[in-house]
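Structure record follows, encoded as structure tokens.
Residue numbers (the numbering used here): 561 to 1332.
Next comes the structure, spelled out in structure tokens:
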């Protein structure tokens, strides 16, 4: 066995999916009982502080605040607030640090039965890896890595930010307007089935989507408004529910702008982009507001021009309603339309029917739109506890035309299909968080609620010709899907070195489907729930070494049509994961994280949106090793590398037929980043994805690739000029690959082989930005 820790005879309390009332629950209940006795503790002095950006006066969340000689440590909240309670009268030294800001020390005097209020301003500075503290929060192992990466790497799209998750690869196979195919930890996640994506807490994944379960289109995110990225790999966070099996990624947008920005980009293949970001409120009396808009166009590198158009508009307000209440409100709209060349069979290129950049059906493509209204209210109560409330309303439309099999089913008209839907999405999230202390033991208790309602009209799969003629409706219906959840998450800091994180989540789903093609009105419905326990342990050996053991059960929901068509109880297949690893600074200028991990996935049934059928997914086991290294070679030169190995297999079948199609086996990304004080900056990066099986018996191979990208930029006061080249070596590579059975117009019988979308050839573009 590759990962012996997952052996059922060693950890039966973890591997037993049938008995969730196990050690996880007992530890959680004990932790809750301990918190209840805190009311008996006498109150002494306290420090209440606020950390803000020195330039903008914006609150600084996730800053590290250390009291004295590291005996107590906490982290600032969304409003930049932190507190230390039950302090004997005396003088203390506070140390405040945040990645990319100069560390500050401030002396504070505490008097008995009084709360001393302080405000600390942080000034932005260059990255100093030797000064970074690895003693992070128990629920944010990769926080330092993500903070480093987003500040150092040039970002041109939200997909570039998504690639910052170590080991995550993406592939586009429909002209740039379709959501990317995602690969992580031995999963072909398709478009989002096993990774939970969100933006400011807004859900990105679409359940029971016309194209595929968990469809996650991030193209509505303007990359320049992204402030930070929070992510974790594995099903270990209680606040993350459906889809968070391989992990989760949460994009956080900026609360305000330092300056206005106008940017122009132009590149090969008739590509251009415009961006404008303007302050509406500059922080006077704690009120911030800005608007950002972008438009992108390209014909692409295919012989059939894409005519790709995308427009994004995003507006956000962030401000104090009064001393203890903070409101964030955002409104955005997104539209996109394009023509795609689609996936092509290898034989069509080899026989000279088309080139690598040609098309067999040049009418593929689609259009999509999304509007978002997001309201977040953050309140600090008199007892120091916090309450978060979030309400989100989304409107979404999707229409996609594809042709994967050409003339396999219809030798006259071809096999083009239309997938279409119109969706209303409403969510509410609420959380109550309280921090307390018994002696030197600190408790952080979070209890939350989550409600989500998806109302999907005209969820359609149809057989079409040239986008214009509908030959047959293969599936058409109305979906109502509701997810209600409760969770509790307890972080117990037993000492500055030992932290335990125990959590429990319960999700209940209600699925309804009305088949609009049925002769008579039929509404089918089913309800089911699932418990998801978590237990994580973190041990800090010293300021340079921290160990962690994470374990937990996650799940993803199946498509509503799968549940009702298959008549199965395997509605919410669960994933059991264990990570054992460390975060270390072997020398002051090198930061690394390493982990051995394993994940078991229950049997599931999958709705294939491209065919309108249900297929069994099988029970799987994945095990692997991750290594991430960040190094500061000089004050102005940085290096990074991520190396990931995975052994994914299907359980219960002969070994020679147990390969998981398209699951990554070995991958690596890395590069060098240059940041000189004279305004010169740049990066040289690589991406490597190894060969992997394209089918269950590995008789077909999805070919790997190695790519290099270059970015050079120079700032002259308010003006920045940047030159970038993707695929610097002009490698000939296949971006998306599938084992597909198809038939061409001139063929008498079908052939099963690799179908692929060619990857980007060398692509150069220039960008000019002006800040004012």
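Even for Gly, the Cβ is constructed at its ideal location relative to N, Cα and C.
The ligand FAD heavy atom lying under 8 Å from the CB of residue i
i           : result
residue 872 : In the structure on display, the ligand FAD does not appear, and there are no ligands present to speak of.
Proximity winner among the options, relative to residue i (alpha-carbon distances)
i            : options                : result
residue 959  : 931, 1027, 932, 933    : 1027
residue 778  : 789, 769, 764          : 764
residue 1105 : 1058, 1163, 1249       : 1058
residue 903  : 896, 892, 915          : 915
residue 790  : 758, 939, 962          : 758
residue 1221 : 1207, 1233, 794        : 1207
residue 800  : 999, 1043, 833, 872    : 1043
residue 983  : 1041, 899, 942         : 1041
residue 1111 : 1197, 805, 1188        : 805
residue 1108 : 1139, 646, 640         : 1139
residue 1037 : 1219, 1073, 1079       : 1073
residue 975  : 623, 923, 944          : 923
residue 854  : 1226, 773, 875         : 875
residue 927  : 957, 633, 694          : 957
residue 961  : 770, 694, 719          : 770
residue 1048 : 1055, 1025, 1084, 1092 : 1092
DSSP three-state assignment for residue i, whether helix, strand or coil
i            : result
residue 749  : coil
residue 1063 : strand
residue 908  : helix
residue 845  : helix
residue 799  : coil
residue 901  : coil
residue 825  : strand
residue 1123 : helix
residue 687  : coil
residue 1275 : strand
residue 711  : helix
residue 706  : helix
residue 852  : strand
residue 1320 : coil
residue 613  : strand
residue 726  : coil
residue 619  : strand
residue 763  : strand
residue 1076 : coil
residue 777  : coil
residue 1325 : strand
residue 1215 : helix
residue 719  : helix
residue 1037 : strand
residue 785  : helix
residue 1259 : coil
Whole-angstrom C-beta distance between residue j and residue i, which should lie under 8 Å
i            : j            : result
residue 1296 : residue 732  : 7 Å
residue 1192 : residue 690  : 7 Å
residue 654  : residue 668  : 6 Å
residue 826  : residue 1325 : 6 Å
residue 1201 : residue 1177 : With a Cβ gap of about 33 Å, residue 1201 and residue 1177 do not count as contacting.
residue 1258 : residue 1219 : 5 Å
Buried versus exposed call for residue i [16 or more other C-beta atoms within 10 Å across all chains shown]
i            : result
residue 1145 : buried
residue 965  : buried
residue 1006 : buried
residue 1147 : exposed
residue 1001 : exposed
residue 1300 : buried
residue 602  : Bear in mind that the predicted position of residue 602 carries a pLDDT of just 45, short of 50, making it too unreliable to give a figure here.
residue 748  : buried
residue 1329 : buried
residue 795  : buried
residue 615  : exposed
residue 674  : exposed
residue 640  : buried
Chain B within 9 Å of residue i, Cβ atoms only
i            : result
residue 1236 : Of the chains in the structure shown, none is chain B; there is only one protein chain.
**Request:** Give a yes or no on contact between the stretch 1027 to 1036 and the stretch 1048 to 1064, applying the rule of three or more CB pairs nearer than 8 Å.
**Result:** The answer is no - the stretch 1048 to 1064 does not touch the stretch 1027 to 1036, with fewer than three Cβ pairs under 8 Å.
**Prompt:** How do the stretch 1302 to 1316 and the stretch 847 to 865 stand: do at least 3 beta-carbon pairs fall below 8 Å, yes or no?
**Reply:** Touching, no, given that fewer than three Cβ pairs across the two stretches are closer than 8 Å.
**Message:** For the pair the stretch 809 to 816 and the stretch 990 to 998, tell me if three or more CB-CB distances fall below 8 Å.
**Reply:** Under the three-pair Cβ rule at 8 Å, the stretch 809 to 816 does not count as touching the stretch 990 to 998.
**Prompt:** Contact between the stretch 1243 to 1250 and the stretch 1210 to 1220: three or more CB pairs below 8 Å?
**Reply:** No, the stretch 1243 to 1250 does not touch the stretch 1210 to 1220.
**the stretch 966 to 974 / the stretch 931 to 938 touching (three or more Cβ pairs under 8 Å)** = Fewer than three Cβ pairs drawn from the stretch 966 to 974 and the stretch 931 to 938 lie within less than 8 Å of each other, which leaves the two stretches out of contact.
**Asked** Just checking, does the stretch 946 to 956 make contact with the stretch 985 to 994 on the three C-beta pairs under 8 Å criterion?
**Response** These segments touch.
**Request:** Take every Cβ of the stretch 867 to 880, pair it with every Cβ of the stretch 896 to 911, and state whether three or more of those distances are shorter than 8 Å.
**Result:** With a cut-off of 8 Å, the stretch 896 to 911 and the stretch 867 to 880 count as touching, because enough Cβ pairs lie within range.
**Asked** Using 8 Å as the threshold, is the stretch 1263 to 1280 in touch with the stretch 1237 to 1244, meaning 3 or more CB pairs across them?
**Response** With contact defined as three or more Cβ pairs closer than 8 Å, the stretch 1263 to 1280 and the stretch 1237 to 1244 are in contact.
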